[in-house]
Amino acid sequence: MTQTLTPNHELAARLRESRLKDGLKHFIGGEWVDSQGGATFQTHTPTDNSPLTTVASGDATDIDRAARAAYDAFQTWREVGGAERRNILHKIADLIEARAQDIAVLESLDTGQAIRFMKSAAVRGAENFRFYADRAPAAGDGQSLPAPGFLNYTLRQPIGPVGVITPWNTPFMLSTWKIAPALAAGCTVVHKPAEWSPVTATLLAEIMDEAGLPKGVHNLVHGYGESAGKALTEHPLIQAIAFVGETVTGSHIMRQGADTLKRVHFELGGKNPVVVFDDADLDKALDAVVFMIYSLNGERCTSSSRVLIQEGIYDEFTARIAERARNIRVGDPLDPATEVGPLVHPRHFEKVMSYFNKAREEGATVAAGGERVGGEGNYVSPTLFTRARNDMRIAQEEIFGPVLTAIPFRDEAEALHLANDVKYGLAGYLWTNDLTRAHRFAHGLEAGMIWVNSENVRHLPTPFGGMKNSGIGRDGGDYSFEFYMETKNIAISLGTHQTARLGVGQPPKVPQEGAGE
Ligand code: NAD
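Okay, here's the thing in structure tokens:
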């Protein structure tokens, strides 16, 4: 793979020297520390799989230290006023914006994501903090629910120290999406980032510390899922786990958290359909279909990895997708011209590559791509499978790469059946100019988020999350506070109701014994 040297490469060289040479530590109780047992692991850059840095590898002992630090800090952070939390969160956003280029370059180096998307992902991280900063003062607000003889009112209080476990795809942005509302709510955090992409979590911890977040409010423990991650989900001081990752890991976490009755919020996998009817604006649909599977290397939970196309336009539309796919620039993630970079890890690369053979074995046609690019690194060509059926593995399983499966359908009923005939239900995309059909179809589609005549355009107040095997709970707007906070009801008697009198030897005048619950 040829490499064009750009200012990003110079910055990358400087950041490797200044930030990565000495390895990454945990951040516990406001201190940068090694693992208690001294264990480390090596992380690699997906461009050529050469070592990137050494990372402290946490276990149950390190998690315990972090959970205790979060618990202690919670006793004061919960009392900090909303206005002060707002100011600190805005300061964090300022610092993220000021260092967005560093964050973007480190993210590209660590994950293989193209730099053209990583700058905006870093800025989105800042927006997440701003959005929840402004909501912090009202996070505890409740409702007034008057009843005869009573004034009921509700309020919300932070649930306590929470665990945040994040995956390797766009890790910086996803972490902010979880951590910002938790802090705005008044919770303290122990963050366990993915072992394949730990770099920007370290930068985020540093930024939050610099912004004046009190010690112990945010803690970072690196490590493997089976050790550090598992210990976090089992720790009795941790009240809830906000998890983003694979569906099967969500099941593990639910089991692991059962003994301590963890509240869980899961954002899991997807096999999201984009349905293209023959009356749609096909030029716009084409742009969106191509963007939603090949951007971010296809390593995106909301990617539309199944395209369902109405029969009459199937051949022409798939030919247009294939042409675009062949023109996509695969290459060095730090090159601004690159559209698809290397996949995050050799193991993930092998997984994605394995579907090229599966597709052929199952009888689908590889209309574009379907092969490795270059001799080293985890590069695959943007791929399109045509003449696929919905019961094939390429249509049912989350491949999580730049790989699209195209399936024809006859009519609306068949399209809806195919769209829903998977275990997942995260997002769905619909292209039609028939208004009535758009509403009808959207109501029938089993997905937590649906876009009509659009790609994924996120609006932060709206709910984000999935149905079926794609998740439990919603993020965004006030929905995040529902997770990170307890709702309490306070009932105040106005002194006019009658309490049932026991032990006075009289039968009740009015039937009132069963009133309580
Ligand atoms: P993963 O489930 O393998 O790992 C995610 C995190 O969980 C990592 O930090 C890992 O160390 C940790 N983990 C693993 N085993 C654990 C255990 N037993 N206990 C506690 N923690 C454990 O997921 P991944 O491969 O890193 O990420 C890709 C997946 O994430 C895809 O399935 C993708 O769809 C999903 N994802 C979903 C959303 C969404 O919003 N629905 C967003 C991004 C990614």
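Residue numbers for the sequence shown follow our numbering, so the first one is 11 and each next one is one higher. Ideal Cβ placement from N, Cα and C applies to all residues, glycine included.
Where residue i falls: helix, strand or coil (DSSP)
i: GLN46; result: coil
i: VAL172; result: strand
i: THR393; result: strand
i: VAL258; result: helix
i: TYR489; result: helix
i: THR16; result: coil
i: HIS232; result: coil
i: ILE409; result: coil
i: HIS355; result: coil
i: GLU205; result: coil
i: PRO158; result: coil
i: ALA143; result: helix
i: LYS35; result: coil
i: MET264; result: helix
i: GLN167; result: strand
i: ASN388; result: coil
i: LYS281; result: coil
i: GLU41; result: strand
i: HIS453; result: helix
i: LEU271; result: coil
i: VAL514; result: coil
i: MET402; result: coil
i: GLN85; result: helix
i: ALA103; result: helix
i: ASN496; result: At residue 496 the sequence reads Glu, which differs from the Asn that was named. Here GLU496 sits in strand by DSSP.
i: ILE251; result: strand
i: SER315; result: coil
i: GLN111; result: helix
i: LEU440; result: strand
i: ARG382; result: strand
i: HIS245; result: coil
i: THR348; result: coil
C-alpha distance - residue i paired with residue j, whole-angstrom precision
i: GLN167; j: GLU465; result: 36 Å
i: ASP297; j: SER490; result: 32 Å
i: VAL200; j: GLY255; result: 17 Å
i: ALA221; j: THR375; result: 53 Å
i: TRP562; j: LYS281; result: Only positions 11 to 527 of the chain appear in the structure, and residue 562 is not among them; the question remains open.
i: THR53; j: GLY454; result: 44 Å
i: VAL274; j: ILE251; result: 5 Å
i: GLY170; j: PRO418; result: 50 Å
i: HIS427; j: VAL467; result: 25 Å
i: LEU470; j: ALA136; result: 12 Å
i: THR396; j: GLU386; result: 28 Å
i: GLY226; j: MET218; result: 11 Å
i: GLY152; j: LEU193; result: 19 Å
i: GLU456; j: ARG447; result: 16 Å
i: GLU20; j: ILE125; result: 14 Å
i: LYS129; j: LEU440; result: 28 Å
i: GLY196; j: PRO224; result: 12 Å
i: LEU214; j: PRO392; result: 32 Å
i: GLN249; j: PRO343; result: 39 Å
i: ILE303; j: GLU277; result: 19 Å
i: THR64; j: GLU41; result: 18 Å
i: PRO147; j: SER313; result: 35 Å
i: GLY483; j: PHE493; result: 8 Å
i: HIS262; j: GLY481; result: 13 Å
i: LYS361; j: ASN400; result: 20 Å
i: ARG29; j: VAL133; result: 21 Å
i: GLY150; j: GLY435; result: 31 Å
Buried versus exposed call for residue i [16 or more other C-beta atoms within 10 Å across all chains shown]
i: LEU161; result: exposed
i: ASN499; result: exposed
i: GLU349; result: buried
i: THR229; result: Reading off the sequence shown, one finds Asn at residue 229, where the question assumed Thr. Buried, because 16 or more other Cβ atoms sit within 10 Å of the Cβ of ASN229.
i: THR497; result: exposed
i: ARG95; result: buried
i: ALA502; result: The residue you asked about is not Ala; residue 502 is Ile in the sequence shown. Exposed, by the Cβ-count rule.
i: ARG140; result: buried
i: LYS188; result: buried
i: VAL258; result: exposed
Heavy atom of the ligand SAM within 7 Å of residue i beta-carbon
i: VAL254; result: The ligand SAM is absent from the structure shown, which contains only the ligand NAD.
Validate contact between the segment 106-113 and the segment 75-92 using beta carbons, cut 8 Å, 3 pairs: Contact fails between the segment 106-113 and the segment 75-92, because fewer than three Cβ pairs, one in each stretch, are under 8 Å apart.
Three or more C-beta pairs below 8 Å linking the segment 231-246 and the segment 258-278: With contact defined as three or more Cβ pairs closer than 8 Å, the segment 231-246 and the segment 258-278 are in contact.
Contact the segment 327-338 vs the segment 362-371: 3+ CB pairs below 8 Å: no
At least three beta-carbon pairs within less than 8 Å, the segment 118-131 to the segment 294-309: Proximity of the segment 118-131 to the segment 294-309 meets the contact definition, three or more beta-carbon pairs being nearer than 8 Å.
The segment 21-38 contacting the segment 323-332, beta-carbon criterion three pairs below 8 Å: no
Inter-stretch contact at 8 Å, needing at least 3 Cβ pairs: the segment 18-25 / the segment 315-326: no
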